[in-house]
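Chains as they are written, first to last, in the UniProt record's numbering: chain V, 1 to 671; chain U, 1 to 189.
Each residue gets a CB set at the ideal place from its N, CA and C atoms; glycine is no exception.
Everything numeric in this text was worked out from a predicted model, so none of it was measured.
Below you can see the structure in the form of structure tokens.
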């Protein structure tokens, strides 16, 4: 023993001691209402944290060493900020743990603070509830985020511990010692021998697969290999977390919980859900993954994590999963399902159902509406004539696609299209000519028809349906689907022809397929640099396909209506914008019209727009020429953009016409 | 009209507001409109969600019918006004503000305060700026000369405020300069 750090003259029992991650200070909690934080180097340096009204039970440090969480008999969990010289009370959380009068029994409310490595910055705290619940509180919102319950648990939980890498939680109670997986909050393993005495403290070994605990009988039990070999080990940090977080990915489904389960445990789910999930848990180790994983059903889903043998680390470029331009993942129970130049579809998660809210930018043409959605649609798109939604298969119902046309007589034109069980929808598009009159007024069906709906399914095809719900065509797909968007006359599809390359290329191609006769008008590769992915695709007001990628380049297809003659014109370089200098902002495109890019500004590290809905900004397109003469430069750039527009107009003319009034006027302007 | 004699020659604030409403402002329309011809000019087309630049009176009209959102001009923000206020209080001269800022800000605060972030703060800042400028113009008037009034940077409403006074004052001073022996008779004002 090297010295006494502190002693309680009042004779209050010291309840717990916690050492901070840097081993500089310790926090001592006792039945005395103040928590003492003592500097180990200079034991006279004591900071008192006042705030609890009754004795303090347990203290726990945040891995960064700046925050300390304490829980007390008064039912409060107080978070202290002890980074500065003066401690301050950061937050008091009430209502989670009960007030305990009897201080003799070991009915503890324990807390473990652990940096939950999956989402950086989202620390989870585990105060235990009254009897059989383990509650996790999120650091960012200071409210109850998830609960761990199970029917197998009975009796008060007396000890808790997180595994070093955050993947498992061990709990000890009267009914035994259980190990939960933090991803799916379900019990995975339990200790075979029954528990007689109450366990006081349980802990995972930091470097090996070992769990140890002490109990009231005074015995120490060590459980070797609580986690079987074929499951992720509790102490090895999953390498996937770092590599994948560093790549900006469009995540389609935010509800990762159910699907993340299987991934964390190492099983590979077949089907596109695998791809649509939060990429972060796919293991880089598997060479199979570069083919987009679940898209190819030939690998059996189990036994991916073969513990025997040496696993080779081959770093293949992660294939970008299918994404929906204009959609965001579920964040805080809300998400955008679609955001384009016509309007916005938002979905709010109410656990048993979603509330879907559709709002249009042009309120004179279409009426906004909202409805309760019991199918939990996860893909939606706003076309010119109607909105299309699709849902994944879930329990009793198969995947289906629902079409709801706009207009006051909408319910007559609604239809749903069911898919066979096991098939999922991975892409949706709706397009057609814009309505001639306002859809608010009742009128007969336009002679132009009701447009087209296209569905990409896991059966490897593109299903074309007419606006009235009639199946028109089934086109077999020549690669792995990535994304698609429909315009007035054609469908722009982006897919992967083959697999990604070893050096960062996504190997993406695109096709422009005409609705009228299903011919391929263009078949081209995407102008992507190695290591970058497309972030948004769309069709501009001229009808030309546009792609915005993670390098900040916006490309518009030039001469898209002349078969086989198109090229990609780079019309914007977001990295070189004047307004971007000195600001850490990124852009989230919404549409391209009339020489302008319409987009939303995302500040800092934000990857998706949030609520309240940001205002759409516009930026004039300008070809990023390098020689920028202040006098002539802008004019030349403008000329280039106008040429793009003019060519589109000229191409759209029939074979007999040489020019139209519009073209003549524009040419005059340019000259 | 029921105005006293001295004020009958100058403009009233509502009239100034009308004149200021001709200025262009950015809006985010919620309805589509083709290029329409008005007396003062042709404006449009309006294509949501793209922004459009229309005169303030069109913006007010549309906003009252809930057919657009007004985008406040850059000077009408908390940071910009704060900056102007500090400049106003530290320098003896008048800070640079748009000539009709008082009218435009009044109109926007009245009908479109929901399109502004922190309208109450903006109101207090505007009031502070007005008071600071008022005190400066009061001092400046004491330096009234027969030929010039050196208050550069004064804005439309403020000029209108002191116009009757200094016109009369200048005319008296001119007469005094010309003929110091016979001071002119002052009317009851």
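*Quick one: residues in its chain with C-beta nearer than 7 Å to the C-beta of residue 601 of chain V, no 5 flanking neighbours on either side, listed in chain order?*
These residues qualify, in order along the chain: 585, 587, 614 and 617.
* To do: Compare the beta carbon distance of residue 555 of chain V and residue 527 of chain V with 8 Å and say whether it is the shorter of the two.
  => Their beta carbons are under 8 Å apart, which means residue 555 of chain V touches residue 527 of chain V by this criterion.
- Near-chain U residues of the region 613-647 of chain V - C-beta to any C-beta below 8 Å: The residues in question are 615, 616 and 618.
Residue nearest to residue 455 of chain V in terms of C-alpha spacing, selected from V:477, V:429, V:394 and V:476:
Checking every option, the nearest Cα to that of residue 455 of chain V belongs to V:429.
- Message: Based on DSSP bridge pairs, tell me the residues matched to residue 381 of chain V.
- Response: Under DSSP, the beta-bridge partners assigned to residue 381 of chain V are V:388.
Excluding the five sequence neighbours on either side, which residues of its own chain have a C-beta within less than 8 Å of the C-beta of residue 104 of chain U, listed in chain order? Hits under 8 Å: 20, 23, 25, 56, 73, 76 and 98.
#### Entry: The beta strand (DSSP E) enclosing residue 466 of chain V, as first and last residue numbers
For residue 466 of chain V, the enclosing beta strand (DSSP E) has its first and last residue at 461-466.
Let's test the definition: count the other Cβ atoms within 10 Å of the Cβ of residue 568 of chain V and tell me whether it reaches 16, buried, or not, exposed. The Cβ neighbour count for residue 568 of chain V, taken over all protein chains shown within 10 Å, is at least 16; the residue is labelled buried.
- For the region 19-35 of chain U, enumerate the residues whose C-beta is nearer than 9 Å to any C-beta of chain V, in chain order. Those would be 28, 29, 30, 31, 32 and 33, in chain order.
message = Helix, strand or coil, according to DSSP, for residue 591 of chain V in the structure here?
response = Strand at residue 591 of chain V.
If we cut at 8 Å on Cβ distances, does residue 363 of chain V have a partner in chain U?
Interface with chain U (8 Å Cβ-Cβ cutoff): residue 363 of chain V is included.
Using only CA atoms, which one of V:173, V:174 and V:188 lies nearest to residue 180 of chain V? Ranking V:173, V:174 and V:188 by Cα distance to residue 180 of chain V puts V:188 first.
Three-state secondary structure (DSSP) at residue 182 of chain U? It is coil, neither helix nor strand.
- Please say whether residue 521 of chain V and residue 483 of chain V have beta carbons closer to each other than 8 Å? Their beta carbons are not under 8 Å apart, which means residue 483 of chain V does not touch residue 521 of chain V by this criterion.
Where residue 74 of chain U falls: helix, strand or coil (DSSP): Here residue 74 of chain U carries a coil assignment [DSSP, helix/strand/coil].
- Query: If you scan the region 585-631 of chain V from start to end, which runs of the beta strand (DSSP E) of 3 or more residues do you find wholly inside it?
  - Reply: 585-593, 596-603 and 617-620, all fully within the region 585-631 of chain V.
Practice problem: Please classify residue 161 of chain U: does DSSP put it in a helix, a strand, or coil? | Solution: It is helical.
task: Taking only beta-carbon positions, decide if residue 165 of chain V is within less than 8 Å of chain U.
output: It does not: the Cβ of residue 165 of chain V has no partner Cβ on chain U nearer than 8 Å.
Q) Any C-beta of chain V sitting closer than 8 Å to the C-beta of residue 45 of chain U? A) Output row for residue 45 of chain U: interface = no.
Please tell me whether residue 381 of chain V has its Cβ less than 8 Å away from any Cβ of chain U. Interface flag for residue 381 of chain V against chain U is unset, since no Cβ pair is found closer than 8 Å.
(Q) Just to confirm my understanding: we take residue 594 of chain V, look at its own chain, exclude 5 residues before and 5 after, and list those with CB closer than 7 Å. What are they? (A) Cβ-Cβ distances below 7 Å link residue 594 of chain V to 541 in the same chain, with the five nearest sequence neighbours on each side left out; the list follows chain order.
Worksheet item: Does any C-beta atom of chain V lie closer than 8 Å to the C-beta of residue 9 of chain U?
Response: No, no contact with chain V.
Buried versus exposed call for residue 472 of chain V [16 or more other C-beta atoms within 10 Å across all chains shown]
Result: exposed.
Practice task
Tell me whether residue 148 of chain U is buried or exposed, calling it buried when 16 or more other Cβ atoms sit within 10 Å of its Cβ.
Solution key: With fewer than 16 other beta carbons inside 10 angstroms of its own, residue 148 of chain U counts as exposed.
Closer than 7 Å, Cβ to Cβ, to anything on chain V: give me those residues from the region 50-75 of chain U, in chain order.
The region 50-75 of chain U vs chain V, Cβ under 7 Å: 50 and 51.
Rounded separation between residue 40 of chain U and residue 53 of chain U - CA only: Approximately 14 Å between the Cα atoms of the pair.
Quick check on this structure: which residue in V:350, V:346 and V:416 has the alpha carbon closest to the alpha carbon of residue 382 of chain V?
Nearest C-alpha to residue 382 of chain V: V:346.
Quiz item: Is there a Cβ from chain V that is less than 8 Å from the Cβ of residue 13 of chain U?
Solution: It does not; no Cβ of chain V falls within 8 Å.
Here's a check: name, in chain order, each residue in its chain whose Cβ is nearer than 6 Å to the Cβ of residue 202 of chain V, leaving out the five neighbours to either side.
These residues qualify, in order along the chain: 159, 161, 170, 172 and 213.
| request: Give me the Cα-Cα distance between residue 59 of chain V and residue 363 of chain V, rounded to the nearest whole angstrom. | output: Their backbone Cα atoms lie some 56 Å apart in a straight line.
9 Å Cβ cut-off: residues of chain U touching residue 596 of chain V = The contacting residues are 50.
Buried or exposed, going by whether 16 or more other CB atoms sit within 10 Å of the CB of residue 106 of chain V? Its pLDDT being 39, under 50, residue 106 of chain V is placed unreliably in this model, and the value from its coordinates should be taken loosely. By the neighbour-count criterion, in which a residue is buried when 16 or more other Cβ atoms sit within 10 angstroms of its Cβ, residue 106 of chain V is exposed.
* Asked: Can you find a C-beta in chain U that's less than 8 Å from the C-beta of residue 593 of chain V?
  -> Against chain U, the CB of residue 593 of chain V has a partner CB under 8 Å away; the residue lies at that interface.
| task | Pull up the CB-CB distance for residue 388 of chain V and residue 403 of chain V, whole angstroms please, since I reckon it's below 8 Å. | result | Going by Cβ atoms, the distance from residue 388 of chain V to residue 403 of chain V rounds to 5 Å, so yes, they are a contact pair.
**Study point:** Inter-residue spacing [alpha-carbon to alpha-carbon] between residue 164 of chain V and residue 607 of chain V
**Key:** Spanning the two alpha carbons is a distance of roughly 29 Å.
**Q.** Nearest-angstrom Cβ-Cβ length linking residue 373 of chain V and residue 353 of chain V, presumed shorter than 8 Å
**A.** Residue 373 of chain V to residue 353 of chain V, Cβ: 6 Å. Contact.
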